[in-house]
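What follows is a single structure, written as structure tokens, with notes after it.
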Amino acid sequence: MRGAKLQATYRCMSEGQVNNGLKEFCEFEFKFEEGSHNCPLCGSELKRIPEGKTVSELLRQGLRKK
Ligand SMILES: [Zn+2]
């Protein structure tokens with residue numbers, strides 16, 4: 001990698017209540033440098049959203065894994 005840092009969109013995929021029930025769900029989404037990041041709102045691990053994929057596609061993938 002030279003100079004310019006790659007950025008990717010990350011989204012919080014936490015399910016159910018977060019922050020001790022203060023929020024019913026968390027939809028934090030932000031652009032970060034590539035790497036692992038945690039949600040500043042609820043502390044969950046953020047998932048990288050690959051280019052060209054919609055969030056609903058990602059959610060469907062996540063459901064299939066369970
Ligand atoms: Zn979150």
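In terms of our numbering, the sequence shown opens at residue 1 and continues consecutively. The beta-carbon is built from N, C-alpha and C at its ideal position, and this holds for glycine as well.
Asked, Found
"The beta strand (DSSP E) that contains K31, what's its start and end?", "E29 to E33"
"From the DSSP secondary-structure annotation, give me the bridge partner or partners of N38.", "E45"
"With a CB to CB cut of under 6 Å and the five nearest residues on each side skipped, what residues in its chain are close to S14?", "C26, C42 and S44"
"Which whole-angstrom value describes the C-beta separation of E33 and K5, a residue pair presumed to lie in contact below a C-beta threshold of 8 Å?", "5 Å"
"Rounded to whole angstroms, what is the Cα-Cα separation between N38 and Q61?", "20 Å"
"Between the alpha carbons of F28 and R64, how many angstroms are there, rounded?", "22 Å"
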